[in-house]
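Below is one structure, written out as structure tokens; comments come after it.
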Amino acid sequence: MFTLAQARHLLATLRPRIDELIVLRADLAELHADMADGNNSPHGGLPEVKALEARIYGILDELGEQDIQVKGYAPVLLDFAGEREGRPVLWCWLEGDRDIGWYHRLECGFAGRRKV
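Residues in the sequence shown are numbered from 1215 upward in steps of one, following this note's numbering.
Rendered as structure tokens:
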């Protein structure tokens, strides 16, 4: 369980890795597109696909090891288990958000997001 302050601190600590994940995801998407068109890619070929995938999965595993729930990868959507007013919630961060500014009840999911 994370307090909101703890979740925000952990997110700030992990932001460089999350930013790296976003760059790797874009590189992999471009590489797949180039390969599908039969074009050479500045990102390489099949060996680089495997290397990019391994690096991406490594970062996703790292996040999971921190008890962060990875709900999405494109865009990145992270949930941190917490409590608000005596009720279990998930502090919710979506790629593009500056900080954790949302939460939702466990049973409501993303559709139930509310401002902190």
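Don't be surprised by glycine CBs; every beta carbon is placed ideally from N, CA and C.
Quiz item: For the 8 Å Cβ check, are there 3 or more pairs between the segment 1313 to 1324 and the segment 1252 to 1263?
Solution: no
Practice problem: Using the Cα positions of ARG1328 and VAL1303, report the straight-line distance between them to the nearest angstrom. | Solution: 11 Å
Self-check item: Residue span of the alpha helix (DSSP H) that contains ALA1325, given as start and end
Solution: Neither: ALA1325 is in no alpha helix (DSSP H) and is coded neither H nor E.
Quiz prompt | Burial state of GLY1252, where buried means 16 or more other Cβ atoms lie within 10 Å | solution = exposed
Quiz item: Nearest-angstrom Cα distance between GLU1279 and GLY1272?
Solution: 10 Å
Practice problem: Tell whether a beta-carbon distance below 7 Å holds between GLY1310 and VAL1330. | Solution: no
Quiz item: According to DSSP, is HIS1257 helix, strand or coil?
Solution: coil
Practice problem: Determine, using beta-carbon pairs with one atom in the segment 1284 to 1295 and one in the segment 1224 to 1244, whether at least three such pairs fall under 8 Å. | Solution: yes
Practice problem: Let me know the secondary structure DSSP gives GLN1280 once reduced to three states. | Solution: coil
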